[in-house]
Amino acid sequence: MAELFTIGNLMTLLMLILLQAVLGFDNLLYISIESKRVAEDKQKFVRKLGIGLAIGLRIILLIVVVKTIESFKDPFFEIHLESVFEGEFNLHALITLIGGGFILYTAVKEINHLLAIEHLEGGSEEKRSINVTIFWIVVMNLVFSFDSILSAMALTDNVIVMAIAIIVSGLLMIYMADHVAEFLKKNRMYEVLGLFILFIVGVMLVSEGGHLAHIHLFSYEVHAMTKTTFYFVLIVLVIVDVVQARFQKKLAKMRTLEAGNS
Numbered sequence: 008m009a010e011l012f013t014i015g016n017l018m019t020l021l022m023l024i025l026l027q028a029v030l031g032f033d034n035l036l037y038i039s040i041e042s043k044r045v046a047e048d049k050q051k052f053v054r055k056l057g058i059g060l061a062i063g064l065r066i067i068l069l070i071v072v073v074k075t076i077e078s079f080k081d082p083f084f085e086i087h088l089e090s091v092f093e094g095e096f097n098l099h100a101l102i103t104l105i106g107g108g109f110i111l112y113t114a115v116k117e118i119n120h121l122l123a124i125e126h127l128e129g130g131s132e133e134k135r136s137i138n139v140t141i142f143w144i145v146v147m148n149l150v151f152s153f154d155s156i157l158s159a160m161a162l163t164d165n166v167i168v169m170a171i172a173i174i175v176s177g178l179l180m181i182y183m184a185d186h187v188a189e190f191l192k193k194n195r196m197y198e199v200l201g202l203f204i205l206f207i208v209g210v211m212l213v214s215e216g217g218h219l220a221h222i223h224l225f226s227y228e229v230h231a232m233t234k235t236t237f238y239f240v241l242i243v244l245v246i247v248d249v250v251q252a253r254f255q256k257k258l259a260k261m262r263t264l265e266a267g268n269s
């Protein structure tokens with residue numbers, strides 16, 4: 008037990024917690040958007056229970072991945088339509104592709120909802136049952152877990168250290184989820200930014216899944232979006248949104264002054 012609390016393990020634990028926090032940002036966005044589907048007085052409960060269940064399942068997933076890592080890498084079916092579509096699919100690739108596809112669907116659906124006339128006129132949002140919402144929060148949390156678990160395994164082979172990092176980062180997510188949801192609720196203009204960030208996350212996961220499956224479309228290989236590209240796009244989106252918000256305020260101020268002078 009004393010070996011667990013070595014300087015090396017403690018430093019690795021700190022790095023893993025920071026890594027989980029960075030990789031968990033897009034997860035928080037998804038949780039905040041998904042929890043809006045239930046009644047307002049139940050949203051906090053849904054977020055906490057969903058993340059709490061996901062923490063336990065993440066630890067189970069960690070143990071499974073550690074014990075069966077090779078089976079996640081070995082392809083179990085292939086598609087070869089020469090010059091049209093080719094791919095070798097393993098479990099990791101399928102989970103990443105399906106998860107990324109579902110996130111793309113969710114982002115596009117929510118963007119369409121924001122543009123709908125009913126939404127602009129203040130129509131009521133379609134509500135979901137608590138059980139269904141918690142189910143999707145847990146499932147997508149596990150999809151996001153794959154990258155963080157595999158990244159953690161590259162830093163250490165100590166399962167206990169990885170499990171502690173998962174628990175601590177999960178508790179941080181429970182704390183931060185309410186704050187992110189509250190921020191988006193009070194600053195509705197940033198909701199669109201959040202949805203487009205979620206869309207980019209979906210693109211990144213689909214590209215990563217395509218790369219893992221060695222997919223070729225019309226003889227062109229699918230390459231994974233690098234984390235550098237992902238964060239660069241995020242920074243550009245945030246800068247554009249901030250500039251746009253300031254420009255809108257400037258226009259509103261100019262209209263007020265013109266109205267006062269007329």
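If you count the sequence shown from 1, you need to add 7 to reach the numbering used here.
Positions of the beta carbon are idealized from the N, C-alpha and C atoms, including for glycine.
Every value quoted in this text rests on a predicted model; they were computed, and no experiment measured them.
Under the criterion of beta carbons closer than 8 Å, Val-45 and Thr-140 qualify as touching, at roughly 5 Å.
The three-state reading of DSSP puts Ile-86 in strand, counting E and B together.
Per DSSP, Phe-237 is not a residue of any beta strand (DSSP E); the alpha helix (DSSP H) it occupies stretches across 234-268. When C-alpha distances from Leu-17 are compared across Ala-172, Met-180, Ile-137, Ile-110, the shortest belongs to Ala-172. In the structure shown, the three-state DSSP call for Phe-92 is strand. Put simply, of Val-175, Lys-43, Leu-88 the residue whose alpha carbon is nearest the alpha carbon of Leu-25 is Val-175.
Per DSSP, the continuous alpha helix (DSSP H) segment holding Val-166 begins and ends at 166-193. Take the alpha-carbon of Phe-142 and the one of Gly-57: they are about 7 Å apart.
Non-local beta-carbon contacts of Lys-49 in its own chain, meaning distances under 7 Å to residues more than five positions away in sequence, involve Ile-137 in chain order. Just so you know, the alpha carbons of Lys-192 and Thr-163 end up roughly 39 Å apart. About 13 Å separates the beta carbon of Leu-202 from that of Val-245, a gap too long to meet the 8 Å contact definition.
Under the three-state reduction of DSSP output, His-218 falls in the helix class. Annotation: Ile-14 to Ala-159 spans about 17 Å, alpha carbon to alpha carbon. The segment 176-190 and the segment 206-223 do not touch, with fewer than 3 CB-CB distances between them shorter than 8 Å. Between His-223 and the set Phe-96, Ile-38, Phe-83, the nearest pair of CA atoms involves Phe-96. Contact between the segment 79-91 and the segment 176-185 is absent: fewer than 3 CB-CB pairs across the two stretches fall below 8 Å.
Between the alpha carbons of His-99 and Ile-70 lies a gap of roughly 15 Å.
Counted as a single uninterrupted DSSP element, the alpha helix (DSSP H) harbouring Val-73 occupies residues 50-74. Residues of the same chain with a CB within less than 6 Å of the CB of Ala-61, apart from the 5 flanking positions on each side, are Val-145, Asn-148 in chain order. Separation of the CB atoms of Leu-36 and Thr-103 is rounded to 18 Å, and the pair is thereby denied contact status at 8 Å.
Taking Tyr-238 as reference, the option from Met-22, Thr-19, Asp-33, Leu-21 with the minimal CA-CA separation is Asp-33.
Scanning Ser-226, Val-243, Val-150, Val-249 for the CA closest to the CA of Asn-194 turns up Val-249.
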